[in-house]
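A.B. asks: Residue numbers (our numbering): 27 to 183. Every residue gets a Cβ at the ideal spot worked out from N, C-alpha and C, and that includes glycine. In this text the structure is predicted, and so the values were computed from the model without any measurement. What follows is a structure written as structure tokens; I'll ask about it next.
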Amino acid sequence: MLLLQLLITLPPVSLPLPLQPVSLSLPLLLLLLLLLLLLLLQLLLLLLLLLLLLLLLLLLLLILLLLLLLLLLLLLLLLLLLLLLLLLLLLLLLLLLLLLLLLLAAIFTEAEQVAITPCLQMKKLLPHRTTHDIQEAFSRRSLDARQISRQSILTVD
């Protein structure tokens, strides 16, 4: 602000119309040359500073890209782990289904053996009768047993 007031209050300087060559002394010429070199050095430093800032900006951008790539890799790994977990869950369900089928097969095999064993014993006792006849007799007897149990349920009610 003070500098602005000084510039306003100073009287205008008028230059002579024909410019006259000025003779410069050697110390003044060296001083001007030194000032010019300092100005060039300042410009060079400013340019180096801008270049350094640009390099830092590029480095920051590279770091951000690497972080983004790392994040994408982590997401891909998480997705792969989730897929593996789902696959393991599917395998576990298939294993449980297989165990259930084996259990049902064992139950039906045992039930068939329980149903056939009396027939085989009867076959030994009555060799002249066919297995089909013996099975029919057992099925009639089981139907009679079911009817008796139904009648007993109805009488209890």
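1) To the nearest angstrom, report how far apart L82 and L101 are at their CA atoms.
2) Using the C-alpha atoms, what's the distance from L120 back to L111?
3) If we ignore side chains and look at the alpha-carbon of each, how far apart do L107 and L114 end up?
C.D. replies: From the atom records:
1) L101 has its alpha-carbon roughly 28 Å from the corresponding atom of L82.
2) Distance between the alpha carbons of L111 and L120 is about 14 Å.
3) So the alpha carbons of these two residues sit roughly 10 Å apart.
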